[in-house]
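Protein chains in written order, with the working numbering: chain A, 1 to 111; chain B, 1001 to 1112.
Step one of this worksheet: look at the structure below.
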């Protein structure tokens, strides 16, 4: 069985400060790892993914994520957060023909 | 051009009724999914289809019956609706299980 944990329900950060959203996972085999973002009353949008190769993955809107195999983590980062980054973020490993989503982390960026 | 479209966007109905939600994707993807998002925003997969064949059924009550008439469509029919079925239902598609999924805007189902 696969699982994913996002330990923080909410992350608050001031605009311009770095943003980190944490994710740890448990899957058998080598996982494909994804981050998605959900804006209010919208569907999820793909941000970035890790398949293989470089542990640092760059994605949309200036986001990046670091894959750490030994810690089974895939934390999402942005060097300088914007107010418009306020949304719900989901980490999702893919294995066994399905994406498994974490509970999501709400990010609130204050001006 | 909407990549993954769901109808209706909102659905309010009484307990015991039967309702359907339609989903269409124009991306040429082989794989389609239904997800349920509860009031706490937790997102859980319900079904996945690949080339019109059911691949995953995640312990969903048999009141829920997906139907895929072709690769571009995956509809969700729900019989005997219950209060606990109230949620937002998302359809999604991807080319493979290992590639990024594209989501519809969701259908907010309210059972009263």
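Where a beta carbon is used, it is the ideal one built from N, C-alpha and C, also for glycine.
Here the structure is a predicted model, which means the values were calculated and not measured.
Only counting the same chain, and skipping five residues up and downstream in sequence, which positions put a Cβ closer than 6 Å to that of residue i?
{"i": "residue 1068 of chain B", "result": "1049, 1052 and 1074"}
{"i": "residue 126 of chain A", "result": "Lying before the first or after the last residue shown, residue 126 of chain A is absent from chain A, which here runs from 1 to 111."}
{"i": "residue 1035 of chain B", "result": "1043, 1045 and 1090"}
{"i": "residue 44 of chain A", "result": "36 and 38"}
{"i": "residue 13 of chain A", "result": "19, 81 and 109"}
Going by DSSP, what residue range makes up the beta strand (DSSP E) through residue i?
{"i": "residue 32 of chain A", "result": "32-38"}
{"i": "residue 1023 of chain B", "result": "1019-1025"}
{"i": "residue 5 of chain A", "result": "3-5"}
{"i": "residue 110 of chain A", "result": "105-110"}
{"i": "residue 1012 of chain B", "result": "1010-1013"}
{"i": "residue 1098 of chain B", "result": "Residue 1098 of chain B -> no beta strand (DSSP E), and no H or E assigned at all."}
{"i": "residue 1050 of chain B", "result": "1043-1050"}
{"i": "residue 1112 of chain B", "result": "Careful: residue 1112 of chain B lies outside any beta strand (DSSP E) and carries neither H nor E."}
{"i": "residue 24 of chain A", "result": "24-26"}
Whose Cβ in chain B lies nearer than 9 Å to the Cβ of residue i?
{"i": "residue 34 of chain A", "result": "1100 and 1101"}
{"i": "residue 46 of chain A", "result": "1100, 1101, 1102 and 1103"}
{"i": "residue 19 of chain A", "result": "Those within 9 Å of residue 19 of chain A in chain B number zero; the least Cβ separation is about 19 Å."}
Going along chain A in order, which residues have a C-beta closer than 7 Å to the C-beta of residue i?
{"i": "residue 1048 of chain B", "result": "97 and 98"}
{"i": "residue 1025 of chain B", "result": "Going along chain A, no residue has its Cβ under 7 Å from residue 1025 of chain B, so there is no contact; the nearest lies around 12 Å."}
{"i": "residue 1106 of chain B", "result": "43"}
{"i": "residue 1064 of chain B", "result": "What residue 1064 of chain B touches in chain A: nothing, since even the nearest Cβ is about 16 Å away."}
{"i": "residue 1078 of chain B", "result": "Here the premise fails: no neighbours, minimum Cβ distance about 19 Å."}
{"i": "residue 1052 of chain B", "result": "The contacting residues do not exist; residue 1052 of chain B stays about 15 Å from chain A at best."}
Can you look up residue i in the DSSP assignment and give me helix, strand or coil?
{"i": "residue 1081 of chain B", "result": "coil"}
{"i": "residue 83 of chain A", "result": "helix"}
{"i": "residue 1005 of chain B", "result": "strand"}
{"i": "residue 1086 of chain B", "result": "coil"}
{"i": "residue 60 of chain A", "result": "helix"}
{"i": "residue 1057 of chain B", "result": "strand"}
{"i": "residue 70 of chain A", "result": "coil"}
{"i": "residue 49 of chain A", "result": "strand"}
{"i": "residue 65 of chain A", "result": "strand"}
{"i": "residue 1072 of chain B", "result": "coil"}
{"i": "residue 93 of chain A", "result": "strand"}
{"i": "residue 1105 of chain B", "result": "coil"}
{"i": "residue 12 of chain A", "result": "strand"}
{"i": "residue 1040 of chain B", "result": "coil"}
Here's a check: name, in chain order, each residue in its chain whose Cβ is nearer than 8 Å to the Cβ of residue i, leaving out the five neighbours to either side.
{"i": "residue 1029 of chain B", "result": "1071, 1093, 1094, 1095 and 1102"}
{"i": "residue 1060 of chain B", "result": "1046 and 1047"}
{"i": "residue 17 of chain A", "result": "80 and 81"}
Please return the same chain residues whose Cβ sits closer than 7 Å to the Cβ of residue i, not counting the five positions on each side in sequence.
{"i": "residue 1055 of chain B", "result": "1048 and 1049"}
Residues of chain B with CB closer than 7 Å to the CB of residue i, please, in chain order.
{"i": "residue 108 of chain A", "result": "Within chain B, no residue comes near residue 108 of chain A; the closest Cβ sits about 14 Å away, beyond 7 Å."}
Quick one: list the residues of chain A neighbouring residue i, beta-carbon separation under 9 Å, in chain order.
{"i": "residue 1122 of chain B", "result": "The structure shown does not extend to residue 1122 of chain B, since chain B spans only 1001 to 1112, so no value can be given for it."}
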